[in-house]
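Undergrad:
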Amino acid sequence: MSGPAFVTRFAPSPTGYLHRGHAFSALTAHEAARAVHGRFLLRIEDIDRTRCRPEFEAAALEDLAWLGLGWEDPVRRQSEHMADYGAALRDLSERGLTYRCFRTRREIAEAIESAPHGAMEAFRGAPLPPDQEARRVAAGEPYAWRLSLAAAERALGGFERLSFVEEGEGPDGEHGAIAARPQVGGDVVLARKDVGVAYHLAVVADDALQGVTQVIRGQDLFEATHVQRLLQALLALPTPTYRHHRLLTGPDGRRFAKRDRAETLRELRASGMTAADLRGELGF
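Start counting the sequence shown at 121; every next residue gets the next number (this note's numbering).
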């Protein structure tokens with residue numbers, strides 16, 4: 121695909137400083153767009169209000185510019201578009217495709233553990249009777265809005281026709297036309313009482329609103345594609361082509377991750393590494 125029809129994005133969450141893995145993913149998407157004179161967008165996925173910080177966003181913009189990346193303005197920040205996600209959630213809820221779930225993470229883990237042997241390790245629940253739900257909402261109990269897989273399957277007449285195109289490679293070598301298996305994720309969380317949206321719903325809405333045609337990202341997000349494809353079908357949104365790339369690993373064989381305190385791009389810059397050095401190391 122070439123020309124303006126090719127639109128891709130890099131979408132970091134400002135919960136820490138960027139590392140080599142982020143650089144590899146951003147460069148992969150950026151260079152793919154540049155090769156066909158397409159568009160490269162930057163999106164800041166900052167819906168996690170407890171972990172996202174302005175200084176991490178500012179540092180990310182600085183690091184990406186240092187790498188030599190250019191992107192279109194304005195940058196989309198998820199925190200500025202909660203109304204878009206609220207509209208998508210209302211659409212699903214008004215059609216009976218969501219329900220309030222009051223179970224804690226511990227209760228859900230216990231429910232999964234007590235499932236029959238061989239059952240998929242994914243939570244499946246059901247709405248409470250209206251009077252019980254109203255009482256718990258009135259009492260101020262925390263809850264999450266979950267997508268009802270059972271209701272979604274009825275609405276679509278089954279999941280058999282759901283698929284997506286993988287131009288890269290999944291963790292197990294998946295490539296080409298992939299049959300979507302949204303059931304592996306169970307009844308995923310779409311929003312929480314204190315947070316207007318969760319990852320899957322926000323990403324699907326954003327990609328559609330921004331006209332993204334090519335989702336280029338790491339293999340760690342391959343499984344997320346299955347439920348995102350379902351949400352696209354339920355919301356009558358276009359389906360991008362997906363290209364999942366390998367994950368960068370360190371000398372110990374573990375992939376670079378913020379939680380493991382992977383060496384950041386800021387630290388690499390401070391050590392004297394140039395952008396050209398890093399691009400060369402990463403194969404660009």
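The beta-carbon is built from N, C-alpha and C at its ideal position, and this holds for glycine as well.
1. Taking the alpha helix (DSSP H) that Arg399 falls in, what are its first and last residues?
2. Sorted by chain position, which residues of the same chain lie with C-beta nearer than 7 Å to Ala153's C-beta, five sequence neighbours on each side aside?
3. What residues in its chain sit with their C-beta under 7 Å from that of Leu217, if we drop five residues either side in the sequence?
4. Where does the unbroken alpha helix (DSSP H) through Thr148 begin, and where does it stop?
5. Can you give the Cα-Cα distance for Leu209 and Asp397, rounded to whole angstroms?
6. Does the CB of Leu402 have a neighbour CB from chain D at under 8 Å?
7. What's the gap between the Cα of Asp204 and the Cα of Arg312?
8. Judging by CA-CA distance, which residue of Glu387, Thr369, Met393, Thr394 is the nearest neighbour of Ser145?
9. Thinking C-alpha only, which one of Val257, Gln352, Thr394 is nearest Val324?
10. Between which two residues does the alpha helix (DSSP H) carrying Gly206 extend?
11. Is Val308 buried or exposed, if buried means 16 or more other CB atoms sit within 10 Å of its CB?
12. Tell me the residue span of the beta strand (DSSP E) that contains Arg312.
13. Check each candidate in Ala300, Gly293, Glu287 and name the one with the smallest Cα separation from Thr333.
14. Do the region 132 to 142 and the region 158 to 178 make contact, defined as three or more Cβ pairs closer than 8 Å?
15. Between the C-alpha atoms of Met240 and Val304, what's the straight-line distance to the nearest angstrom?
16. Whether or not the region 384 to 398 and the region 354 to 367 are in contact is what I'm after, with contact meaning three or more pairs of Cβ atoms, one per stretch, closer than 8 Å; do they touch?
17. With burial defined as no fewer than 16 other Cβ atoms inside 10 Å of the residue's Cβ, what is the status of Leu329: buried or exposed?
18. Tell me whether Ala143 is buried or exposed, calling it buried when 16 or more other Cβ atoms sit within 10 Å of its Cβ.
19. So Glu387 is in the alpha helix (DSSP H); what residue range does that whole segment cover?
20. Only counting the same chain, and skipping five residues up and downstream in sequence, which positions put a Cβ closer than 8 Å to that of Ala395?
21. Which stretch, first to last residue, makes up the beta strand (DSSP E) that contains Val304?
22. Determine which residues share a DSSP beta bridge with Ile164 and list them.
23. How close, in whole Å, do the beta carbons of Ala299 and Ser283 come, if the pair is a contact with beta carbons under 8 Å?
24. What are the boundary residues of the alpha helix (DSSP H) that Leu269 is part of?
25. Am I right that Asp340 and Leu367 are in contact with their C-beta atoms under 8 Å? What's the rounded C-beta distance?
TA: On the basis of the coordinates in this document:
1. 395 to 401
2. Around Ala153, the same chain offers Phe126, Thr128, Arg159, Phe160 as residues with beta carbons nearer than 7 Å, after the five sequence neighbours per side are excluded.
3. Leu267, Ser268, Ala271, Ala272, Ala275, Leu354
4. Counting along the chain, the alpha helix (DSSP H) containing Thr148 begins and ends at 140 to 155.
5. 45 Å
6. Absent from the structure: chain D. Only one protein chain is present.
7. 16 Å
8. Thr369
9. Gln352
10. 202 to 214
11. It counts as buried.
12. 309 to 312
13. Checked all of Ala300, Gly293, Glu287; the closest Cα to Thr333 is Glu287.
14. yes
15. Unreliable positioning characterises Met240 in this predicted model, as indicated by a pLDDT of 46, which lies under 50. The coordinate reading is nonetheless provided below. Those two C-alpha atoms are separated by around 7 Å.
16. Result no; under three Cβ-Cβ pairs closer than 8 Å.
17. Exposed.
18. buried
19. 385 to 390
20. Trp186, Leu187, Gly188
21. Counting along the chain, Val304 sits inside no beta strand (DSSP E), nor does DSSP assign it H or E at all.
22. Arg197
23. 5 Å
24. 269 to 276
25. 6 Å
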